[in-house]
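In my numbering, the protein residues as written are 79 to 350. Beta carbons are placed, not taken as given, at the ideal position from N, Cα and C, and that holds for glycine. Working notes, structure below.
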Amino acid sequence: MYSFNKKLSSTAPLIMGILNVTEDSFYDGGKHLTEKDILLRAEQILAEGGDIIDIGAMSTRPNALEIPENEENSRIVSAIKLIRERFPNAVLSIDTYRTSVAEAAVEAGADMINDISGGTFDPDMIPIIGKLQVPYCLMHTTAKPSEMQKHTEYKDILAEMLQFFGRQLEKLHAHYVHDIIIDPGFGFGKTLEQNYFLMKNLQVFQELGFPILVGVSRKSMIYKLFDTTPDNALNGTTALNTVALMKGADILRVHDVKEATQVRKIVNLLTF
């Protein structure tokens, strides 16, 4: 089922554990800055059953500001080399929308690129993915993180998102990129109500014919609904991850790997 990476032979839904080497991510910013903490987090993701480690070096939370390109690059490459040396068989995904970072990451040993912009922030990204021939996660958003929540108006959100994916898929195919993952981009240029509408209709994206990634872990669509904080959003995350798998998600991107693997086990008993 998972042709997008030869290291991933499982036919079960996959769990992608988040490792942010950032100071300002909305939930875990500042927790994994030292070599020791990076390795401990990577070890935790793998020990708890994670299939992919998704490394990010620049926060993409709403209203986040960009950091210098060389800083993002340095953080990413250092983390990849560190993890690759300790865990040589780990599958490493890199969360970036910058071409230079993607190139340096793959050269350093990354396996795939997770681009929140779906190739729209850096015009060279899709051609470079074609050159690198690595799996690519194509996400939908409306604008950069500093502006995206100002752009949440749609006439028909499902139709417009499918059109977006269609356009970007054509570009990817033109550069011979076929190992693609679709991410609806929960929380990126969407209101709370729109996020739940997308979850309700998640199966629509199966029409595109590629694996679907869902990333709702501890996001505002959960904690704002209950007037709480990301620290108190694990229960809601588990509920939504269950719904996502029941509606056809192939990959869950999460902070809490152990809980996500438990969801997977239960849903697999019920549906697969």
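Those residues which DSSP pairs with residue i across a bridge
{"i": "I133", "result": "L97 and I172"}
{"i": "Y214", "result": "I191 and I258"}
{"i": "I290", "result": "I260"}
{"i": "L92", "result": "I329"}
Three-state secondary structure (DSSP) of residue i
{"i": "D309", "result": "helix"}
{"i": "R331", "result": "strand"}
{"i": "G267", "result": "coil"}
{"i": "S298", "result": "helix"}
{"i": "I161", "result": "helix"}
{"i": "L347", "result": "helix"}
{"i": "P201", "result": "coil"}
{"i": "H253", "result": "coil"}
{"i": "Y274", "result": "helix"}
{"i": "G314", "result": "helix"}
{"i": "L247", "result": "helix"}
{"i": "I145", "result": "coil"}
{"i": "L303", "result": "coil"}
{"i": "K222", "result": "coil"}
{"i": "G208", "result": "helix"}
{"i": "K233", "result": "coil"}
{"i": "E126", "result": "coil"}
{"i": "N319", "result": "helix"}
Counted within 10 angstroms of its Cβ, other Cβ atoms place residue i as buried (16 or more) or exposed
{"i": "L124", "result": "buried"}
{"i": "K228", "result": "exposed"}
{"i": "P172", "result": "Reading off the sequence shown, one finds Ile at residue 172, where the question assumed Pro. Result: buried."}
{"i": "Y301", "result": "buried"}
{"i": "P146", "result": "exposed"}
{"i": "T306", "result": "exposed"}
{"i": "S298", "result": "buried"}
{"i": "S224", "result": "exposed"}
{"i": "A168", "result": "buried"}
{"i": "L348", "result": "exposed"}
{"i": "D132", "result": "buried"}
{"i": "K222", "result": "buried"}
{"i": "A182", "result": "buried"}
{"i": "D234", "result": "exposed"}
{"i": "D309", "result": "exposed"}
Assumed close pair residue i, residue j - CB separation to whole angstroms, cut-off 8 Å
{"i": "G187", "j": "L170", "result": "7 Å"}
{"i": "K268", "j": "L276", "result": "7 Å"}
{"i": "V294", "j": "L318", "result": "5 Å"}
{"i": "Y175", "j": "D200", "result": "6 Å"}
{"i": "P91", "j": "R342", "result": "5 Å"}
{"i": "A327", "j": "I290", "result": "5 Å"}
{"i": "G408", "j": "H253", "result": "An answer regarding residue 408 cannot be provided, because it is not within the stretch 79 to 350 covered by the chain."}
{"i": "H333", "j": "I130", "result": "With a Cβ gap of about 14 Å, H333 and I130 do not count as contacting."}
{"i": "L270", "j": "L303", "result": "6 Å"}
{"i": "V179", "j": "E150", "result": "5 Å"}
Does the segment 209-219 touch the segment 254-268, meaning 3 or more C-beta pairs lie closer than 8 Å?
These segments touch.
Give a yes or no on contact between the segment 158-168 and the segment 235-250, applying the rule of three or more CB pairs nearer than 8 Å.
no
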